[in-house]
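Report on the structure given below.
Number of protein chains: 2
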Amino acid sequence: MNTAPASVPEPAPAPDGAHRWLTDEEQRVWRSYLHATTLLEDHLDRQLQRDAGMPHIYYGLLVQLAEAPRRRLRMTELAMNAKITRSRLSHAIARLEKSGWVRREDCPSDRRGQFTVLTEEGYGVLRETAPGHVHAVRQALFERLSPEQQKSLGEIMQIVAEGLQPDEAGADLPWLR
Amino acid sequence: MNTAPASVPEPAPAPDGAHRWLTDEEQRVWRSYLHATTLLEDHLDRQLQRDAGMPHIYYGLLVQLAEAPRRRLRMTELAMNAKITRSRLSHAIARLEKSGWVRREDCPSDRRGQFTVLTEEGYGVLRETAPGHVHAVRQALFERLSPEQQKSLGEIMQIVAEGLQPDEAGADLPWLR
DNA sequence: GCCTGCTTCTTGAAACTTGAACAATCCGGG
DNA sequence: CCCGGATTGTTCAAGTTTCAAGAAGCAGGC
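So the protein sequences, as listed, match chains A and B.
Position 58 of the first sequence, counting from 1, maps to 58 under UniProt numbering, and the rest follow consecutively.
Position 143 of the second sequence, counting from 1, maps to 143 under UniProt numbering, and the rest follow consecutively.
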């Protein structure tokens with residue numbers, strides 16, 4: 001959960017600055033980050049498990065489907081949107097299908113492909129539970145931050161995501177890099 | 001993963017402001033947040049699984065132990081520090097013990113209690129893998145943010161954590177509230 | 001047509017997490 | 001002393017995630 005603490009022996013200060021520990025201030029920021037993100041994720045997971053009977057990530061899958069044209073997506077696309085592996089998605093969809101919130105359909109143009117379709121029932125669950133979830137997010141996050149902080153948070157998270165992403169934008173334009 | 005999307009029917013605008021959707025801007029911030037935190041956690045988990053043979057959370061447990069006096073902590077205290085349940089900790093410690101990085105010791109003053117002690121071997125693993133982990137954190141986060149952004153992130157996460165915590169500071173001083 | 005390599009999705013086993021239930025112990029009051 | 005309630009840590013079962021492997025279909029070159 002944390003980076004190397006003070007009590008872990010410091011590595012020899014590398015000439016080039018590699019292997020540099022975090023400063024005290026960085027350490028504080030990092031621990032706050034871990035602390036807050038852990039608590040928030042736990043909080044939302046419990047909220048949704050209680051009110052919707054599924055973990056946060058599964059809820060996110062239903063949301064993605066609800067937003068998609070004809071409320072359906074190919075497995076691979078859904079997996080990419082949700083930033084999870086296809087394998088994980090397969091298991092998740094199997095579970096959601098068992099709950100009746102989702103249904104599979106063959107893709108006519110590619111016989112390997114599968115669509116996942118949000119059922120009426122799944123849509124209903126979303127409609128019923130979305131307000132509570134939004135409320136939880138609002139209460140835990142937005143109500144506590146000033147407009148400037150919200151803006152700043154957005155920018156920061158944007159930057160971090162871009163740095164970690166396997167190059168989403170321009171991934172199909174490799175010659176630009 | 002996401003809050004209610006545009007395509008989920010809006011709840012009747014409650015007079016008191018309950019059940020309010022997120023604004024477009026809030027929505028953007030929230031999705032950036034989810035996106036970034038997911039990617040970062042995945043990134044660090046893989047990094048540590050690869051280089052240290054354990055998930056991020058387990059690494060955090062070792063760090064906590066390394067920082068503690070005599071490199072040992074009671075189960076409950078460790079669980080609270082790491083923000084996980086006692087149950088989860090029990091499993092985790094069992095695994096770390098099997099790996100030889102940690103060892104249990106009875107608490108002399110409370111026969112229900114257990115100490116978890118970081119072994120020399122566990123300490124060694126930490127010493128070897130900490131630099132790589134710090135590097136990953138630095139690279140994914142601090143190198144990409146301006147000093148102002150780092151400061152801002154710290155403040156924001158502090159606020160969020162405080163809002164969610166079962167009242168850590170002052171929990172034993174209830175008369176102050 | 002028929003390889004070869006790639007993509008799509010699924011599967012199975014092992015690892016990890018969750019929540020409830022539990023035994024053992026502590027602690028304060030009567 | 002003894003009881004009831006609280007705390008400590010573990011365990012079980014069910015659910016979720018990961019990783020490696022694999023079946024099936026596509027697509028291009030020959």
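By construction, the Cβ of each residue, glycine as well, lies at the ideal position given by its N, Cα and C atoms.
A:T116 is bridged by DSSP to A:L73, A:R104. The three-state reading of DSSP puts B:L22 in coil, since its state is none of H, G, I, E or B. B:A36 reaches chain A at M157, V160, A161, counting residues in chain order whose Cβ is nearer than 7 Å. A residue is called buried when at least 16 other Cβ atoms come within 10 angstroms of its Cβ; A:R50 does not meet this threshold and is exposed. A straight line joining the alpha-carbon of A:L126 with that of B:V117 spans about 46 Å.
Shown here, B:T85 sits in coil according to DSSP, grouped into three states, outside any helix or strand.
Apart from the 5 residues on each side of it in sequence, A:A92 sits with its Cβ closer than 8 Å to the Cβ of I57, Y58, L61, I84 in its chain, given in chain order.
With a threshold of 16 other beta carbon atoms within 10 Å, B:S152 meets it and is buried.
For B:A66, the enclosing alpha helix (DSSP H) covers residues 56 to 67. When the beta-carbon positions are compared, A:R144 and B:G163 come within less than 7 Å of each other. Per DSSP, the continuous alpha helix (DSSP H) segment holding B:E162 begins and ends at 147 to 164. Below the 8 Å Cβ cutoff, chain A contributes no neighbours of B:G53, its closest Cβ being approximately 16 Å away.
Around B:H43, the beta-carbon contacts reaching into chain A at under 8 Å are L164. Between A:Q27 and chain B, the shortest Cβ-Cβ separation is not below 7 Å.
A:L96 carries a helical assignment under DSSP once its states are collapsed to helix, strand and coil.
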